[in-house]
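These notes are about the structure you will find just below.
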Amino acid sequence: MDISEHRKNLLEALVWAGRETSNAAVMYHTAMSGLLGLGPSEWKTLDLLQRHGPLTAGELAQHTGLAPASVSGLVDRLEAKELVRRVRDTKDRRRTIVEFVPDTFAGSAHVFEPLLNGLAELHAEYTDEQLELILGYLTRAAAIQRAATAELERLR
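For the sequence shown, the residue numbers in the numbering used here are 4 to 159.
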């Protein structure tokens with residue numbers, strides 16, 4: 004299949020922009036987690052629990068792509084810092100659910116404002132249709148990245 008020079012350049016630029024976005028996100032979350040006294044994977048696990056609500060360790064493994072043993076250690080560290088707690092599933096007492104401790108970061112919302120305000124300004128520049136396209140791309144790209152993470156975990 005012949006690919007036009009323009010498309011080839013666009014795809015190359017897209018890969019480059021994706022890498023730039025990834026680097027910026029990793030550095031932001033590394034700085035944010037450090038500010039809060041957490042490791043990056045601890046910080047992002049808390050984000051998952053805040054967005055999805057209580058999850059089992061297996062569900063956390065699915066969302067993160069990490070191996071179950073890695074998730075167990077991660078939850079242990081978060082529990083030791085009193086940021087999460089393990090509770091018995093009321094429907095199935097054999098299952099343990101990990102839940103975020105509410106108000107853990109109360110009073111620290113201001114540290115997110117520069118990013119949230121900047122993104123709100125950026126989003127205002129796009130039409131609803133453009134936002135739907137961007138949302139679809141980001142959602143699918145995240146699923147591909149989670150699958151690649153799970154594959155890396157299997158190779159360890």
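Beta carbons: idealized from backbone N, C-alpha and C, even for Gly. Small disclaimer: the values here were computed from a predicted structure and weren't measured.
Taking all protein chains in view, the Cβ of A60 is crowded by 16 or more other Cβ atoms within 10 Å, so the residue is classified as buried.
When secondary structure is reduced to three states using DSSP, I137 falls in the helix class. E23 sits in a helix when the DSSP states are folded into three classes.
It is roughly 11 angstroms from the alpha-carbon of V104 to the alpha-carbon of V90.
With contacts defined as CB atoms closer than 8 angstroms, V87 and V74 fail to qualify as a contacting pair.
For the set L17, V18, W46, G40, the Cα lying nearest the Cα of V29 is the one of W46.
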